[in-house]
Structure formats: C-alpha cells, structure tokens
Amino acid sequence: MPYGGNDWLDITKEDIIEPSLPICDPHHHYWDLRVERTPYGRYLLHELLDDISGHNITSTVFIEARAMYNADIEKDFKPVGEVEFVEGISAASASGIYGKSRASASIIGHANLNLGNRVEPVLQSLIEASPRRFKGIRHIVAWDTDKEVDTVPVYNQEEQMSTKSFIEGAKVLSKMGLSFDSWMYFHQLPQLLNLAKKVPELPIMVDHIGGMLLVGKYRDKKEEVLETWKKNISDLSECPNVQIKLGGLGMPITGHDWHLRKTPVGSDELAEQMKFFLDYCIEKFGTNRGMFESNFPVDKVSFSYDVLYNAFKKYSKNFSKSERSSMFHDNAIKFYKVEEA
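See the structure below:
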C-alpha cells in the first residue's frame with residue numbers, strides 16, 4: 354500500500370510460533386467509520402476473528418472507541434449506545450458458533466469523569482446495558498499542541514485529571530467497583546500519578562506504554578523524550594493500583610517507520626525494536642502488572658496480528674512459564690474480570 358491494507362500485510366507471512374499458548378488480548382476496538390478510504394474503517398467481529406485466528410486467543414477485551422454512540426439520547430448518556438452495540442457482538446461470540454475465542458468478553462466503555470458526582474447515573478446506565486461484561490471506562494485525555502501528533506481532544510481541556518470534578522468522578526468509578534483505562538501522552542503521566550494517589554482504590558491501566566511521542570517537535574529530542582518517559586513510568590510504577598499495557602508501538606506517532614515500508618516488518622525485527630520499551634516497563638512494573646496488547650485495528654497500519662504476537666512470544670522467550678502466562682493471559686483476566694468459556 355503502504356499504510357495499512359490486508360494485501361500489503363500479506364506480503365509478510367509467518368508461521369505461528371507456540372500456537373497453543375493461551376492469550377487474552379486486553380485491548381482492541383470495533384467500529385464502522387463509513388469512510389471508504391480509511392484503512393480498516395470497518396472492524397467488527399468477523400474482521401477481528403480473521404486477525405486472531407492464528408494464535409490461541411481465548412478471550413479479548415473491548416476498549417471504547419467512540420463508536421455507535423446513541424444519537425437519540427441526552428449528550429452525557431450517548432456512550433451507552435457503544436456498550437449496547439458491543440454487548441450484542443459479545444453475545445454473538447459467546448454463542449460459540451464462531452469458535453472458541455470469546456471476543457469482547459469484558460467491555461470498557463466511556464463516561465465523562467468531568468461530570469464529577471453526576472457521572473454516577475451514566476455509569477449505572479452502562480452497567481445496565483451490559484450487566485455481566487461492562488467492567489470500567491476509558492477517558493481519553495491525550496493532549497498535545499503539535500499538529501503532527503495526530504489526535505483530536507475528546508474534551509477541550511488540557512489538564513482534566515487535575516480538576517476537582519474529574520477526581521470526584523474517579524472516586525465514583527472506584528466506589529462502583531469499576532476500573533479506569535487512561536490514554537494520554539508521556540508528558541501527561543504526572544497528572545495520572547496525581548490521580549492514582551488521590552484515588553488509591555481505583556484500578557488504573559496505562560494504555561500503550563504511556564503514550565510515546567517521537568514525531569513533530571519530539572523527533573529531534575529522542576534522548577530527552579526517553580528520559581522524561583522513563584522517569585514518569587518509574588514514578589507511576591510505585592503506585593500499586595496502576596498497571597500497564599505492553600504495546601501500542603504500531604501507531605505512527607511513536608516514531609517508527611513500519612507503516613511506510615514496501616514490505617511489512619517481520620517478527621524478529623519487531624521484537625528487537627520493541628525490546629527497549631518493553632524491557633523498561635517490565636523492569637518497573639514487573640511481570641504481574643504488565644500485559645501484552647494488540648491495539649487493533651489501530652496498530653494494524655504497521656504489522657499483522659500474526660507478526661505482532663509472534664514478536665511478543667520471541668521477545669518473552671527468556672521469561673519463566675508463569676511470567677509469560679501472566680503477561681499473555683492471567684493479568685488481563687484478573688484486571689478486567691474476564692469470564693472465559
């Protein structure tokens with residue numbers, strides 16, 4: 354192509370290694386963007402099943418993507434439509450007619466924590482939309498002024514997590530036994546650290562190794578960026594209520610050129626190029642608070658699912674059997690309270 358497309362990805366074909374290793378993929382999306390020219394603009398159950406078919410994906414966790422919001426209800430409750438939509442897909446997967454994998458066995462939706470205490474009825478509606486599978490929310494706060502950082506702020510606030518109302522909303526989330534997924538950039542992580550300390554009972558997940566940026570104004574400041582990222586990751590790791598997802602490096606904002614290549618990257622090179630980031634996160638969080646993720650179809654612009662999980666398997670070959678089980682499966686099952694078949 355380059356830049357996505359199954360035909361392009363099929364240029365690099367690999368046999369699946371360790372095909373029986375149980376995996377819970379803790380991060381993927383569904384959507385139907387209705388935009389023909391967008392790579393992977395339609396990503397629903399069948400697209401996911403095609404991608405995961407090689408590896409032993411026993412279950413997956415859906416993470417909100419602002420898809421299928423209900424256009425006919427009050428603004429704050431519109432995200433309930435997404436959970437209703439995913440609940441239907443999850444029920445279809447649970448029928449077993451599509452195979453043994455349980456797709457979106459747990460669901461992470463969205464509610465605006467800026468509502469403070471007023472977020473509770475929204476969360477209650479999300480629970481009612483999926484009583485067994487809804488386990489928490491993601492609230493995207495990613496914010497950067499560089500135009501090359503491809504992002505659209507969900508809420509036009511630069512430091513949401515530091516506000517009284519956001520912290521109140523997070524406390525409601527904790528009170529209701531739900532979890533919080535965070536997506537932000539590396540320079541925003543101190544705000545998350547503050548939130549983790551303010552609401553110590555709230556289970557918090559750091560998405561995509563903490564939001565590495567090596568494009569735009571950050572491209573020529575790699576050493577400085579990495580030092581800041583390392584300090585922020587280290588500080589966060591000291592909070593026992595915080596865990597981290599090991600992945601998300603296929604997004605072009607991380608500075609890799611994989612999405613531009615004539616021939617897609619293979620798992621040997623991918624494992625080697627991810628190693629620095631994975632090593633550091635695991636050094637700080639340990640193998641009991643980190644989990645390998647696909648971030649599909651977002652990361653699919655850079656590599657195939659087969660190649661990605663082959664790379665994770667190759668990278669982790671020197672860890673013990675129990676450590677690998679934790680990072681590939683058990684940690685995700687526990688954090689997201691996944692019910693497998």
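Counting in my numbering, the sequence shown runs from 354 upward without gaps. Where is the CB? At the ideal position from N, CA and C, for every residue including glycine.
Assigned secondary structure, Cys-592 (DSSP; H/G/I helix, E/B strand, else coil): coil
Closest Cα partner of Gly-434 within the set Asn-470, His-682 and Asn-423: Asn-423
Collapsed DSSP secondary structure at Thr-771 in the structure displayed: For residue 771 there is no data in the structure shown, the boundaries of the chain being 354 and 694.
Delimiting residues of the alpha helix (DSSP H) encompassing Arg-677: 674-678
Limits of the unbroken alpha helix (DSSP H) element including Ile-520: 517-528
Per DSSP, the bridge partner or partners of Lys-615: Paired residue(s): none; Lys-615 is not in a bridge.
Segment contact flag, the region 528-538 with the region 618-628, C-beta cutoff 8 Å, min 3 pairs: no
Nonlocal neighbours in the same chain, by C-beta distance under 7 Å from Glu-367, ignoring five residues either side: Gly-619, Ser-620, Asp-659, Val-660 and Asn-663
Of the residues Glu-417, Asp-610 and Ile-450, the one placed nearest Val-568, counting alpha carbons only: Asp-610
Reference Leu-613; option with closest CA among Tyr-689, Arg-485, Phe-656 and Glu-371: Phe-656
Span of the beta strand (DSSP E) around Gly-441: Gly-441 -> not in any beta strand (DSSP E); alpha helix (DSSP H) instead, spanning 433-447.
CA-to-CA distance, Phe-430 to Thr-516, given in whole angstroms: 21 Å
Cα-Cα separation, Ser-454 to Asp-385: 22 Å
First and last residue of the uninterrupted beta strand (DSSP E) at Ile-480: Here Ile-480 belongs to no beta strand (DSSP E); instead the alpha helix (DSSP H) covers 473-482.
For Met-604, the nearest candidate out of Ala-458, Ser-446, Leu-566 and Phe-672 (CA to CA): Leu-566
Top-ranked residue by Cα proximity to Pro-593, from Gly-600, Met-558, Thr-607 and Gly-608: Met-558
Chain-order list of residues whose beta-carbon lies under 8 Å from that of Ile-460 (same chain, five-residue window excluded): Val-414, Phe-415, Val-436, Val-439, Glu-440, Ser-443, Ser-483, Arg-486, Phe-487 and Lys-488
Contact check, Leu-589 vs Leu-526, beta carbons under 8 Å: no
Buried or exposed (CB count within 10 angstroms, at least 16 for buried), Asp-406: In the sequence under discussion, the amino acid at residue 406 is Ser, which differs from the Asp named in the question. Looking at its Cβ environment, which holds fewer than 16 other Cβ atoms inside 10 Å, Ser-406 is exposed.
Extent of the continuous beta strand (DSSP E) to which Asp-378 belongs: 376-381
Which listed residue (Leu-631, Tyr-538, Ser-647 and Leu-402) has its alpha carbon closest to that of Thr-581: Tyr-538
CA-to-CA distance, Glu-427 to Asn-684, given in whole angstroms: 36 Å
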